[in-house]
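In the working numbering, each residue carries its 1-based index in the sequence shown increased by 289.
Note that the Cβ used here is the ideal one computed from N, Cα and C, for glycine as well.
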Amino acid sequence: MFDCKLYFTDRNDKILKSYENTLTSIRGIQIENTSTKDPKKYSEFNSYFGKIRDLILSASELEKHLNNEYFSERSFETLSAANKSFFEEIRGSNYDTSYANPKHAVTVFGQEFGGMLASLYLTFRRYISFAFQHRIYKMESYNRVYLDLVELYNSGEMNYSSALSIATRVEKDNNPDDVAIDLKSMFDSGFEFFTDIILNYDLSDLRYLFRYGINITDNEIKTAKFLNQYPDKKIKQLAQLIVHAYLRGFEIEGKDVSGKSTVNIMYAIGQERLIRQVIADLRDVNLTAIVHFPKSTDPNKQVGYDHRFDSALFFNEDYSARTIQNNEKAHMHCKTITSQYSGIIVCEKFGESAFKPEKKDECIQFSPEQQSLYQQHENKHRMLQDKFIPFSQTSFSIVAFPSPEIGDNFESIFEDIMEVNMLNSEKYETIQQKMIDALDQAKFVHIKGKDGNLTDLMVQMQPLVNPKIQTNFNNCGADMNIPVGEVFTSPQLKGTTGVLHIEETFLSGLKYVDLKLTFEDGFIKDYSCKNFENDQDNRNYVHENLIFPNDTLPIGEFAIGTNTLAYVVARKHNIIDIMPILIVEKMGPHFAVGDTCYAWQEDKQVYNLLNNKEIMSRENEKSALRKTDINQAYTNTHTDITLPYDT
290 MFDCKLYFTD
300 RNDKILKSYE
310 NTLTSIRGIQ
320 IENTSTKDPK
330 KYSEFNSYFG
340 KIRDLILSAS
350 ELEKHLNNEY
360 FSERSFETLS
370 AANKSFFEEI
380 RGSNYDTSYA
390 NPKHAVTVFG
400 QEFGGMLASL
410 YLTFRRYISF
420 AFQHRIYKME
430 SYNRVYLDLV
440 ELYNSGEMNY
450 SSALSIATRV
460 EKDNNPDDVA
470 IDLKSMFDSG
480 FEFFTDIILN
490 YDLSDLRYLF
500 RYGINITDNE
510 IKTAKFLNQY
520 PDKKIKQLAQ
530 LIVHAYLRGF
540 EIEGKDVSGK
550 STVNIMYAIG
560 QERLIRQVIA
570 DLRDVNLTAI
580 VHFPKSTDPN
590 KQVGYDHRFD
600 SALFFNEDYS
610 ARTIQNNEKA
620 HMHCKTITSQ
630 YSGIIVCEKF
640 GESAFKPEKK
650 DECIQFSPEQ
660 QSLYQQHENK
670 HRMLQDKFIP
680 FSQTSFSIVA
690 FPSPEIGDNF
700 ESIFEDIMEV
710 NMLNSEKYET
720 IQQKMIDALD
730 QAKFVHIKGK
740 DGNLTDLMVQ
750 MQPLVNPKIQ
760 TNFNNCGADM
770 NIPVGEVFTS
780 PQLKGTTGVL
790 HIEETFLSGL
800 KYVDLKLTFE
810 DGFIKDYSCK
820 NFENDQDNRN
830 YVHENLIFPN
840 DTLPIGEFAI
850 GTNTLAYVVA
860 RKHNIIDIMP
870 ILIVEKMGPH
880 FAVGDTCYAW
890 QEDKQVYNLL
900 NNKEIMSREN
910 EKSALRKTDI
920 NQAYTNTHTD
930 ITLPYDT
């Protein structure tokens, strides 16, 4: 069994005395500010600091008792009730009056302090996961923030600048040692907190679900029950499919995986029985699985949406430079570990209810200057990643399965999606090659909508110097993206002009109504949707969630999906609107706005396996700028947008 407390002993021991002292101070703290004239605001500040104090003390007490006996001696119902209590404050309508809600915080604390205090309040909720992983060193740093902020408040001299300096201290002070610890939890096979749960506990005893310290709902419980009863033969088939697809990705891109020893797995809680088999199959090919942080049902998607730009509170040139510098030091410290990293396998879930976010003016936003700086920062971060974990040496594979939230016919849908995922890749690739042979003769492709769809887009193909040995399209099987079923290219930007219109779609979990993107020479010139009544609100929504931090985006990919079975299954169960983009993109023409599929590895030659033709469309005019100014070459985003067959 993995002992997380032992894993962090060295780091925790350095601050253990300080940690105990801060807890003693917090237990005895008095919250009083005689200079506050408004009794209601005084009461709210008392309540605010009191709730954080209660969270700190209850989580620190919980941390002491979190061991195997804690879970084995408590019933499923008791553990479930405790888990629910961790997230109850931000669930549903409870969030309306939570201090984590910027709208509520601004109402009670005012415009100046509200957004910052809401951000800090949400930050303290990380304390729960720190307690479950015994990251006492993290808890201690948060304790000091709390004590310093209360002291400032009690002094009667709290202004925005001084409060902000304390409230954002943990985020800003990312020292190299702690960054290195975070890197190890992502890339070190010795960090087994999550893999230990998968491999070493009785999965038929569903109490294992509560060991994560992550939100557990009926979705996770029903998924675990379903997979526990799933035929062993089918579990092994799925695991073999996933591992084979991952390895095939290396073969297709001409990459050598033999010198690597680790692979990251991202999965949805409840899928442990499948992931256990995937880990075993990876071990058979000399790859050790690492799990960094599994996903579960979000207790409230509005929370993450409200706080998506909170880093604007402290993001400036100094922070960016220091973060890059500290990350480089941490990567140097961990380079032996990261050099063994081969890539990532993702097992997604889909079927959750649609999320249409509420627009709140109280949310923190980036200034135009910060937006530009953030874009530069992201480029530097990607360059740093590529230096220590070259994209040209790693790969990935993604597969998706339905969640019980999809409806009463979950089991039937799961079986049909399994059939889609298991389709014969070679058969499809043979058919797709005939499409590619025709498309390679084209100068452009004209995509036009029907039945009210306003899409009318001319997509310019890149010229081929020698079509006998060159091709524009990647013949995509079930490898990096499962299931099989698309041919894709990077269009020439110049000449790619027109309108892309989608009546309803979900991109990165967000709903768009009547999304319309107008392109001129490959770049978004104009954009709109009809999510809100106000046109400017709609433009802001598209910009913040699709284009940010860029001012515009190029078309990075044009593809044609060929998986008709996926379309039939989606229509059969009436689930097209909640299917993941991973499958939807195989169901018709689709585009990606942002970088090409070959970003950061354009100079590595790639060939289609069937005819050994080199794929020449690995760059476009945007990514070609890497040769002169890499800061202008990438957008660090890639969002697929699909036109279904019947559009």
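Verify whether the separation of the beta carbon atoms of residue i and residue j is less than 7 Å.
{"i": "V858", "j": "V709", "result": "yes"}
{"i": "V882", "j": "L842", "result": "yes"}
{"i": "Y608", "j": "K461", "result": "yes"}
{"i": "Q659", "j": "A601", "result": "yes"}
{"i": "K875", "j": "G774", "result": "yes"}
{"i": "L782", "j": "E910", "result": "yes"}
{"i": "G445", "j": "N322", "result": "yes"}
{"i": "F812", "j": "T786", "result": "no"}
{"i": "K649", "j": "K819", "result": "no"}
{"i": "M555", "j": "S686", "result": "no"}
{"i": "H879", "j": "D929", "result": "yes"}
{"i": "F413", "j": "R496", "result": "no"}
{"i": "C652", "j": "D595", "result": "yes"}
{"i": "T311", "j": "N443", "result": "no"}
{"i": "V468", "j": "A619", "result": "yes"}
{"i": "T939", "j": "F421", "result": "As shown, the chain starts at 290 and ends at 936. That puts residue 939 outside it, with no answer to give."}
{"i": "S729", "j": "P693", "result": "Here residue 729 turns out to be Asp, not Ser, going by the sequence shown. No, these two residues do not count as a Cβ contact at 7 Å."}
{"i": "K544", "j": "Q629", "result": "no"}
{"i": "P772", "j": "N852", "result": "yes"}
{"i": "V802", "j": "I849", "result": "no"}
{"i": "G845", "j": "H927", "result": "yes"}
{"i": "G538", "j": "S684", "result": "yes"}
{"i": "A767", "j": "K638", "result": "no"}
{"i": "M290", "j": "N489", "result": "yes"}
{"i": "S408", "j": "D705", "result": "no"}
Less than 8 Å between C-beta atoms, sequence neighbours within five positions excluded: which residues of the same chain meet that for residue i?
{"i": "L899", "result": "E718, T719, Q722, N764"}
{"i": "E606", "result": "L662"}
{"i": "Q751", "result": "N761, T778, S779, P780, Q781, M905, S906, N909"}
{"i": "R316", "result": "L346"}
Given that a residue counts as buried once 16 or more other Cβ atoms are within 10 Å of its Cβ, and exposed if not, what is residue i?
{"i": "F398", "result": "buried"}
{"i": "F582", "result": "exposed"}
{"i": "T625", "result": "exposed"}
{"i": "Y449", "result": "exposed"}
{"i": "L295", "result": "exposed"}
{"i": "K916", "result": "exposed"}
{"i": "M621", "result": "exposed"}
{"i": "V546", "result": "buried"}
{"i": "Q682", "result": "buried"}
{"i": "K473", "result": "buried"}
{"i": "Q894", "result": "exposed"}
{"i": "Q749", "result": "buried"}
{"i": "T586", "result": "buried"}
{"i": "T506", "result": "buried"}
{"i": "M447", "result": "buried"}
{"i": "D884", "result": "buried"}
{"i": "G404", "result": "buried"}
So, at 6 Å on beta carbons, what are the nonlocal neighbours of residue i in its own chain, with the 5 sequence-adjacent residues on each side left out?
{"i": "K645", "result": "K800"}
{"i": "A528", "result": "Q566, V567, D570"}
{"i": "I425", "result": "N301, Y308"}
{"i": "R907", "result": "Y887, E891"}
{"i": "F604", "result": "Q659"}
{"i": "Y816", "result": "L806, V831"}
{"i": "G559", "result": "E509, T512, A513"}
{"i": "T457", "result": "L602, F603"}
Could you round the C-beta distance between residue i and residue j to whole angstroms and report it? I think they count as a contact, below 8 Å.
{"i": "D745", "j": "K732", "result": "Incorrect: roughly 17 Å between the Cβ atoms, too far for contact."}
{"i": "G640", "j": "I867", "result": "6 Å"}
{"i": "I510", "j": "L498", "result": "7 Å"}
{"i": "N839", "j": "Q664", "result": "6 Å"}
{"i": "L576", "j": "V552", "result": "5 Å"}
{"i": "V574", "j": "L530", "result": "Wrong, their Cβ atoms sit about 14 Å apart, outside the cutoff."}
How about residue i: is its Cβ closer than 6 Å to a heavy atom in the ligand SAM?
{"i": "N589", "result": "Within the structure as shown, the ligand SAM is missing, as the structure has no ligands at all."}
Under a CB-based cut-off of 7 Å, is residue i close to chain D?
{"i": "S314", "result": "The chain inventory of the structure shown lacks chain D, comprising one protein chain alone."}
Who are the near neighbours of residue i in its chain, counting only those whose CB is closer than 7 Å to its CB and skipping five residues on each side?
{"i": "E333", "result": "V397, F398"}
{"i": "E617", "result": "L673"}
(Q) Measuring CB atoms only, is the segment 665-681 touching the segment 612-623, in the sense that at least three cross pairs come out at less than 8 Å? (A) Per the Cβ contact rule, the segment 665-681 is in contact with the segment 612-623 (3 or more Cβ pairs under 8 Å).
Q: State whether the segment 341-358 contacts the segment 473-482, with contact taken as three or more CB pairs (one from each stretch) at a distance under 8 Å.
A: Segments in contact, no.
**Q.** Three CB pairs or more closer than 8 Å across the segment 430-442 and the segment 337-345
**A.** The segment 430-442 and the segment 337-345 touch, with no fewer than 3 CB-CB distances between them shorter than 8 Å.
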